[in-house]
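Data block below; observations after.
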């Protein structure tokens with residue numbers, strides 16, 4: 165093994181190299197690496213769609229509005245359901261969960277690979293629906309429009325159902341693994357915080373995954389048969405209520421595994437355990453509680469009774485309390501730490517900024533009068549964008565930069581990583597702050613490409629997107645370039661705590677064998 | 023472009039305000055902007071400061087375990103967060119309550135939303151495709167949708183209200199500035215060609231009264247084709263039917279009069295006065311081939327005289343329209359016949 169660390173008997177990467185060995189992999193690390201490839205593909209696709217939309221919006225290509233709406237619909241569906249919600253569990257989650265609790269593999273290795281197959285199946289169906297006959301119904305699939313808009317809706321619904329089932333397999337596999345595979349003596353309050361984030365997030369993935377599959381099934385049936393719970397006779401709020409009951413926790417609160425991971429990174433780069441472990445666990449649980457009880461905030465703009473919306477407003481601004489506790493302990497871990505000046509640190513700061521802005525936006529949307537005005541505008545869309553491009557992506561990049569040596573046995577340049585991180589941070593904000601301003605000026609959600617824009621904000625936003633793109637390219641080039649460097653990587657390059665750092669980089673197939 | 027950083031710095035993110043209700047939105051918006059910007063800058067600033075202050079000095083250095091938790095500081099921090107949550111709700115509440123009950127003396131305007139168009143009904147059953155209001159006089163909008171969920175958005179009033187089919191939705195405002203402001207449908211309806219966009223026209227009372235007079239009798243001072251054209255835009259027909267031959271949700275009106283139309287059931291029908299009348303009142307009875315039966319019936323919304331005016335106008339769009347003599351055109355076509 166050319167890249168051998170301390171245990172050069174063979175890593176999970178090289179253990180059995182037949183093509184089929186990856187295709188049918190049962191090793192959690194291989195599943196995580198394959199998921200990394202697929203999710204990055206979805207991210208790239210989403211970014212390309214976004215660039216296409218920006219170019220169209222600038223009017224350079226004789227914009228076809230129908231095509232733009234279809235593209236927005238599919239871009240959102242892909243990015244929210246195949247990237248934002250599952251990405252941290254399915255990439256770094258699969259790779260690290262057994263390592264961090266001292267297990268050889270997931271509790272159900274077959275379910276790991278089947279979740280990936282369902283995910284890829286869902287991706288193929290969704291793209292098939294886009295290519296064959298895209299449905300222009302908006303990514304929330306609001307009825308009755310989604311019942312009448314022409315296009316390959318059954319493919320779209322089947323794709324989302326497969327993705328939902330894939331979440332179910334991942335979520336229940338994680339839950340079972342944490343419950344049954346922990347190393348002897350590792351009680352729940354000794355779990356690493358990243359495991360806590362994954363564990364709590366898994367409840368959301370499992371519950372919302374199966375529910376997603378069921379509701380899109382009923383929606384497709386309602387469309388085909390003309391009746392049913394979401395059929396043409398149903399109240400539009402009925403579909404939207406179920407849709408947001410699923411999507412609000414799974415997508416917006418994908419920040420739960422993200423923040424768990426940020427804690428692992430912060431503890432690692434500052435070589436200091438978090439000084440209030442139980443507070444952090446409590447705040448993560450509180451975040452989960454807010455996540456599952458605030459779907460109705462999205463129904464306000466669609467005609468929900470104002471009294472009901474008010475209750476959800478109050479519940480949704482409570483997010484600021486667990487968020488403040490988590491921010492406190494991230495700062496407290498950096499305080500008097502031995503903080504490495506490295507790429508994961510840069511991305512951690514980016515995470516704090518972006519997640520902070522997303523929480524601040526929740527205050528605006530939860531404040532009754534401003535929320536009633538802003539709820540249907542780009543201001544609200546920008547919140548989801550801040551969670552997606554900002555919070556979850558920066559946590560993912562912090563994690564990838566942190567664990568890359570462990571995952572691949574190659575070290576990346578911290579300088580290049582930090583440059584990429586700063587480009588990324590500038591790009592995200594240059595892209596999204598104009599969206600906030602346009603939203604405040606009354607531009608409706610998802611209608612950005614058609615907005616009246618006397619301030620040239622759309623152009624600034626497009627510039628930000630390009631910067632974001634270059635930032636991501638820099639980070640990706642750093643990762644890909646690292647594979648050519650054959651310098652052996654030590655087991656624990658960061659000097660961090662955690663069981664994953666006690667094994668070889670990259671780990672052997674059985675982890676602790 | 024140069025104005026963008028200034029816009030960001032001054033927090034003048036909101037559009038020009040034009041009603042009494044805007045304060046209830048703008049004041050909380052500005053307050054939350056200041057407070058949350060401070061909170062985010064504080065957290066990120068501390069993080070950057072700690073990264074710099076406590077940077078690793080040698081490869082073996084460890085962090086000081088157990089530091090960073092102060093019961094007092096943490097308590098204050100959480101208390102501040104809780105106060106922020108209470109503040110956000112409390113400061114936005116008065117404006118919200120104020121909007122929920124229209125004043126009883128408010129001037130009622132009916133709003134009908136359909137895909138691609140709004141139409142506004144003023145007292146006396148007069149329609150217009152723009153929303154007019156007088157400065158200082160409360161207006162209550164009674165809104166209905168004929169198809170899917172629509173949203174009435176008037177940013178200058180900080181107004182967004184969903185319009186759900188089968189329900190009457192209400193919103194009210196008192197305009198304060200005489201000018202024209204954008205108004206649009208802001209709930210995603212699938213195809214931007216069909217996003218209804220029109221305007222709120224705020225006028226002084228005298229101008230407003232004069233305008234109300236002018237819509238009361240649309241036939242005064244207009245020829246029949248002119249009235250037809252006016253109704254075409256006012257009743258929202260133009261959302262789905264072009265006059266240049268381009269295809270939207272419905273067929274174009276260009277050159278249809280006096281020609282034969284092929285229907286979905288395979289038969290053909292002559293486009294004459296009778297067919298036009300039937301297609302306006304019961305549009306889904308005889309649908310042209312290649313189109314869906316999705317048009318809203320206008321039964322009870324247009325009277326015979328108005329339908330006649332539309333017919334006369336359609337004749338001017340067709341080379342078979344003659345000189346506006348409907349009877350002559352009807353004679354030449356001779357009714358419908360079976361094709362097969």
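Chains as they are written, first to last, in the numbering used here: chain A, 165 to 677; chain B, 23 to 362. Just so it is clear, CB atoms sit at the ideal spot from N, CA and C, and this is done for glycine as well.
Q) So what's residue 175 (chain A) in DSSP terms, helix, strand or just coil? A) coil
Q.
For residue 283 (chain A) and residue 202 (chain A), which I take to be in contact (beta-carbon distance under 8 Å), what is that distance rounded to the nearest angstrom?
A. 7 Å
Q) For residue 200 (chain A), does the three-state DSSP call read helix, strand or coil? A) helix
Q) For a contact meaning CB atoms closer than 8 Å, what does residue 72 (chain B) contact in chain A? A) 495, 498, 499, 501, 503
Q.
Considering only the alpha carbon of each residue, which of A:465, A:294, A:494 lies closest to residue 357 (chain A)?
A. A:494
(Q) Short of 8 Å in beta carbon distance, which residues of its chain neighbour residue 339 (chain B), apart from the five on each side in sequence? Order them along the chain. (A) 265, 275, 276, 277, 278, 279
Q) Taking only beta-carbon atoms, is residue 225 (chain A) less than 8 Å away from chain B? A) Note that residue 225 (chain A) has pLDDT 47, beneath the 50 cutoff, so the model's placement of it is unreliable and no number is given.
Q.
Please return the same chain residues whose Cβ sits closer than 7 Å to the Cβ of residue 128 (chain B), not counting the five positions on each side in sequence.
A. 160, 161, 162, 194
Q) Which residues in chain A sit within 7 Å of residue 304 (chain B), going by Cβ to Cβ distance? A) Within 7 Å Cβ-Cβ: nothing; residue 304 (chain B) doesn't reach chain A, min ~20 Å.
**Q.** Contact list for the stretch 412 to 438 of chain A against chain B, Cβ threshold 8 Å
**A.** 434, 435, 436, 437
Q) With a cut-off of 8 Å, does the C-beta of residue 186 (chain B) fall near any C-beta of chain A? A) yes
Q) Which chain B residues sit within Cβ distance under 7 Å of residue 458 (chain A)? A) Ordered by position in chain B, no residue passes the 7 Å Cβ test against residue 458 (chain A), which lies about 13 Å from the chain.
Q. Any contact of the stretch 624 to 635 of chain A with the stretch 598 to 605 of chain A, i.e. 3+ C-beta pairs under 8 Å?
A. yes
Q | Alpha-carbon to alpha-carbon, residue 650 (chain A) and residue 78 (chain B) | A | 26 Å
**Q.** Residue-chain proximity (residue 387 (chain A), chain B), Cβ-Cβ < 8 Å
**A.** no
Q) Just reading off the alpha helix (DSSP H) that residue 343 (chain A) is part of, what are its end residues? A) 317 to 344
Q. Which of the three DSSP states, helix, strand or coil, is assigned to residue 185 (chain B)?
A. strand
Q) Listing by chain order, which chain B residues have their CB less than 9 Å from the CB of residue 606 (chain A)? A) 36, 37, 175, 176, 177, 178, 180, 182, 204, 206, 208
Q: Give the single residue among A:382, A:405, A:388 whose Cα lies nearest to the Cα of residue 394 (chain A).
A: A:382
Q. If we ignore side chains and look at the alpha-carbon of each, how far apart do residue 483 (chain A) and residue 39 (chain B) end up?
A. 31 Å
(Q) For residue 132 (chain B), list the residues DSSP reports as bridge partners. (A) B:143, B:164
Q: Can you say whether residue 98 (chain B) is buried or exposed, counting buried as having 16 or more other CB atoms within 10 angstroms of its CB?
A: exposed
Q. Can the beta-carbon of residue 525 (chain A) be found closer than 8 Å to that of residue 546 (chain A)?
A. yes
(Q) Please list, in chain order, the residues of the stretch 76 to 91 of chain B that have any C-beta partner in chain C closer than 7 Å. (A) Checking the listed chains, one finds no chain C in this structure; the protein chains it contains are A and B.
Q | Touch test, the stretch 265 to 283 of chain A against the stretch 327 to 335 of chain A, Cβ-Cβ under 8 Å, three pairs minimum | A | yes
Q: Select from the stretch 115 to 129 of chain B all residues with a C-beta closer than 9 Å to any C-beta belonging to chain A, and list them in chain order.
A: 115, 116, 117, 118, 119, 120, 121, 122
Q | C-alpha distance - residue 336 (chain B) paired with residue 251 (chain B), whole-angstrom precision | A | 9 Å
Q. If you follow the beta strand (DSSP E) that residue 173 (chain B) is part of, which residue opens it and which one closes it?
A. 172 to 176
**Q.** Sequence-distant residues of its chain with Cβ nearer than 6 Å to residue 310 (chain A) (five each side left out)
**A.** 301
Q: Check whether the Cβ atoms of residue 542 (chain A) and residue 609 (chain A) sit closer than 8 Å, and answer yes or no.
A: yes
Q: Grab me the residues of residue 459 (chain A)'s own chain with a C-beta within less than 6 Å of its C-beta, minus the 5 sequence neighbours each way, in chain order.
A: 408, 409, 412
Q) What number of angstroms, rounded off, separates the C-alpha of residue 620 (chain A) from the C-alpha of residue 310 (chain B)? A) 43 Å
Q. Which parts of the stretch 410 to 458 of chain A are runs of the alpha helix (DSSP H), unbroken and 4 residues or longer, counting only runs that do not cross its ends?
A. 419 to 434, 441 to 456
Q.
Per DSSP, what are the beta-bridge partners of residue 204 (chain B) in this structure?
A. B:221
Q) What are the residues of the stretch 461 to 475 of chain A that lie near chain B, defined by any Cβ-Cβ distance shorter than 7 Å? A) 465, 466, 467, 470
Q | As assigned by DSSP and simplified to three states, the class of residue 537 (chain A) | A | helix
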